[in-house]
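Q: To start, I am sharing the structure in question, which I have written as structure tokens.
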Amino acid sequence: AKKTKFKRILLNLYSLKISQIHHLKPKIQEIIQIIEKMQLLLEDLDYAEGYALYYSHLWYIEKIQGNEKKAKKYIAKSAEKLNANNIEDEFVYYTCKYT
């Protein structure tokens, strides 16, 4: 239980870091690496909020790289996770809702 809670907190921290640096284009590779770390954490978790964050950040990467079709797919997946689950974590909710 502690390990799961730690992983969820780590996902939120990764998301927060991305939110702080995403406007800096030279940081795109760093953001991609953080997203890959998020993906690895999510493989062990049943955490809808984490997937909502993950897809939200994938949307950003695809959008910035000009891949509109993929970007739309990821933002739809993020919204689906957000709407299909009772999201109690306000950080996740507002990060995904207003990204």
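Following the working numbering, the numbering of the sequence shown begins with 232 at its first residue and continues without gaps.
The beta-carbon is built from N, C-alpha and C at its ideal position, and this holds for glycine as well.
1) From Q264 to E321, what does the alpha carbon distance come to, in whole angstroms?
2) Enumerate in chain order the residues of its own chain whose CB-to-CB distance from N316 is below 6 Å, with the five nearest sequence positions on each side excluded.
3) Can you tell me whether DSSP reads A310 as helix, strand or coil?
4) Report all residues from its chain with a CB closer than 7 Å to the CB of T235; omit the five preceding and five following residues, and keep chain order.
5) Quick one: which unbroken alpha helix (DSSP H) runs of 4-plus residues sit fully inside the stretch 241 to 310? Chain order, please.
6) If you draw a straight line from the C-alpha of I306 to the C-alpha of W290, how long is it?
A: Taking the definition as stated:
1) On the sequence shown, position 33 is the one that residue 264 refers to. On the sequence shown, position 90 is the one that residue 321 refers to. Here the alpha carbon of Q264 sits roughly 25 Å from the alpha carbon of E321.
2) Within the sequence shown, numbered from 1, the residue matching residue 316 stands at position 85. Once the five neighbours on either side are set aside, the close Cβ partners of N316 are A279.
3) Within the sequence shown, numbered from 1, the residue matching residue 310 stands at position 79. Correct three-state label for A310: helix.
4) As a first step, residue 235 must be located in the sequence shown, where it is residue number 4. The residues are L276.
5) 259 to 273 and 279 to 295
6) Working through the sequence shown from its first residue, we reach residue 306 at position 75. Working through the sequence shown from its first residue, we reach residue 290 at position 59. Taking the straight line from one Cα to the other gives about 5 Å.
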